[in-house]
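Per my numbering, residue 562 is the first one in the sequence shown, and the count goes up by one each step. First comes the structure, then the notes that go with it.
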Amino acid sequence: MPGLDSSLKHRDELGTQASPVGVSTCNSIWLLDDDASMLKALGRLLKSAGFNVEKFDHPVAFLSRLEQARCRVAVLDVWMPDMNGLEVQTCLREDSPETRIIFISGRDDPSVRQTALDAGAFGFLAKPFDDEVFVQLIHKAAAAG
């Protein structure tokens, strides 16, 4: 997949953190968004709230990471090229059913929101959203289960 090579080359520029195999990442929040500025901002916000964060700008890189680590909470953008957030959710449900999923979207489409929630999403926020609301939702998702 050509987009993956490009995505992996830019991981360091985005500050993507990958934990070594064997290191517990059960408290990690994984962010998936094709918007580099959104990844950076959310990463900083969650780190300041005390979370470990891993950032991904491509769905294939995100899903491939599941081979080495578990994801407690995933924050997924809905609209991305190649694979949308609902498709990533379907894969997560199969490969990591314990992962709590929170969607973020620049388009608050009620049918997409309902589809995500019906498929088990923990939450859905329309951009722009309040930082405190986002952090509280992450805390609730991390504590659930």
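We put the beta carbon where it would ideally sit given N, CA and C, even for glycine.
Whole-angstrom distance between R633 and D656, CA atom to CA atom: The straight-line gap from Cα to Cα measures roughly 13 Å.
Inter-residue Cα distance where the pair is G611 and F695: Computed Cα separation, rounded: 14 Å.
Residue ranges of each beta strand (DSSP E) within the stretch 584 to 634, 3 or longer: The qualifying runs are 589 to 593 and 613 to 617.
L637 - partner residues in DSSP beta bridges: L593 and F664
Alpha-carbon to alpha-carbon, T676 and D643: 19 Å
Where F695 falls: helix, strand or coil (DSSP): helix
Cβ-based neighbour list, L600, same chain, cut-off 7 Å, excluding 5 preceding and 5 following: L575, L592, D594, K616 and D618
Backbone CA spacing between D596 and T660 [nearest angstrom]: 22 Å
Whole-number beta carbon distance between L686 and L678, since they are thought to touch under 8 Å: The pair is not a contact, with the Cβ atoms about 12 Å apart (cut-off 8 Å).
For P658 and D566, the rounded distance between their alpha carbons: Unreliable placement is indicated for D566, whose pLDDT of 40 sits below 50; no coordinate value is reported for it.
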